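Student:
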Amino acid sequence: MRPSGLQVRDARVGAGDAVVRAGDRVVYEWEGYTIGYFGRPFEKKNGAAGSDFVGDRDYSRFVVGAGSVIPALEEGVVGMREGGVRQLIFPPEIGYPMVGDQRDGKMADPAHDAVGPKPSSFSGARALDFVLTSKNDQLDKTLLMNVRVVRVDKPGGKFRF
Numbered sequence: 001m002r003p004s005g006l007q008v009r010d011a012r013v014g015a016g017d018a019v020v021r022a023g024d025r026v027v028y029e030w031e032g033y034t035i036g037y038f039g040r041p042f043e044k045k046n047g048a049a050g051s052d053f054v055g056d057r058d059y060s061r062f063v064v065g066a067g068s069v070i071p072a073l074e075e076g077v078v079g080m081r082e083g084g085v086r087q088l089i090f091p092p093e094i095g096y097p098m099v100g101d102q103r104d105g106k107m108a109d110p111a112h113d114a115v116g117p118k119p120s121s122f123s124g125a126r127a128l129d130f131v132l133t134s135k136n137d138q139l140d141k142t143l144l145m146n147v148r149v150v151r152v153d154k155p156g157g158k159f160r161f
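Mapping to the numbering used here: the sequence shown position 127 is 127, numbers consecutive.
#1: Can you find the residues in the same chain that come closer than 6 Å, C-beta to C-beta, to residue 145, ignoring five residues on each side of it along the sequence?
#2: Note the first and the last residue of the continuous alpha helix (DSSP H) segment covering residue 42.
#3: Please report the straight-line C-alpha distance between residue 60 and residue 38, rounded to a whole angstrom.
#4: Would you mind giving the Cβ-Cβ distance between residue 36 and residue 149, rounded to the nearest angstrom? I have them listed as a contact below 8 Å.
#5: Which same chain residues end up closer than 6 Å to residue 51 when comparing Cβ atoms and leaving out the 5 residues on each side of it in sequence?
#6: Alpha carbon to alpha carbon, how far is residue 116 from residue 44? Give it in angstroms, no decimals.
#7: Could you give the residue range of the beta strand (DSSP E) that holds residue 60?
#8: Whole beta strand (DSSP E) runs in the segment 70-97 with 3 or more residues, listed along the chain?
Written out as C-alpha cells, the structure reads:
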C-alpha cells in the first residue's frame, strides 16, 4: 500500500517503450467497481453493461498532473508501459469528490464532468453515486479500477488520436 492509501497490482506489465511520467498524455481504457456495494460495476468495457447498449467506446485520455481525473488514477498509471494492465484499489480520499468534499479548491462534482473518468452508462453513474452519496457509515466507499494503458504521448511530441 502506498502512503496515499492506493493499492496497486500489475496484472500485465506492458511491453511498450514509453513509460508514463508526469506531463504525459495517457490514452487508456478502464473498468470500475464498487467494493462496498456488492462489487457492482460502474464501468465495464466488454459488451453491454448496466443499460449501456452502445457497445463500442472511444478510449479515454488525460494528461498526468493536469487534475482532470481522480488522484488515484493519476498516481496509479505513473510507471506503467504501453499495453500494461494495472488494478487500483483506493479509498474515497483519493477517489471521486463527494458531496461536501473540497479538494484543491474544487467542490464535489456529482455529474463527474470536471473530474473523471466518467461512467458511460446511466446505471453505472447511479451505482457510483449511490456509494459516494450514501449516509450509511457501514458502506465501504473503497473503489476498484482496472486500467489498461493503450498509448503514451510524450510532451512536445505530436499527440496521436
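Backbone N, C-alpha and C fix where the C-beta goes; we use that ideal spot for every residue, glycine too. Note that the structure is a prediction, hence the values are computed from the model and not measured.
Tutor: Let me lay it out:
#1: As a working mapping, residue 145 is identified with position 145 in the sequence shown. Here the set comprises 30, 32 and 88.
#2: Position 42 of the sequence shown, counted from the first residue, corresponds to residue 42. No alpha helix (DSSP H) contains residue 42, which is instead part of the beta strand (DSSP E) from 41-43.
#3: The count along the sequence shown starts at 1 and reaches residue 60 at position 60. The count along the sequence shown starts at 1 and reaches residue 38 at position 38. So the two alpha carbons sit approximately 26 Å from each other.
#4: The residue you call residue 36 lines up with position 36 of the sequence shown. The residue you call residue 149 lines up with position 149 of the sequence shown. Wrong, their Cβ atoms sit about 27 Å apart, outside the cutoff.
#5: To locate residue 51, count along the sequence shown from 1; it is residue 51. Because residue 51 carries a pLDDT of 43, less than 50, the predicted location of this residue cannot be relied on, and no value is offered for it.
#6: Taking the sequence shown and counting its residues from 1, the one referred to as residue 44 is at position 44. Taking the sequence shown and counting its residues from 1, the one referred to as residue 116 is at position 116. Rounded to whole angstroms, residue 44 to residue 116 spans 15 Å at the Cα level.
#7: In the sequence shown, the residue the question calls residue 60 occupies position 60. Residue range 60-63 is occupied by the beta strand (DSSP E) that includes residue 60.
#8: Annotation: the segment 70-97 contains the following complete segments of the beta strand (DSSP E) (minimum length 3 residues), in chain order: 85-90.
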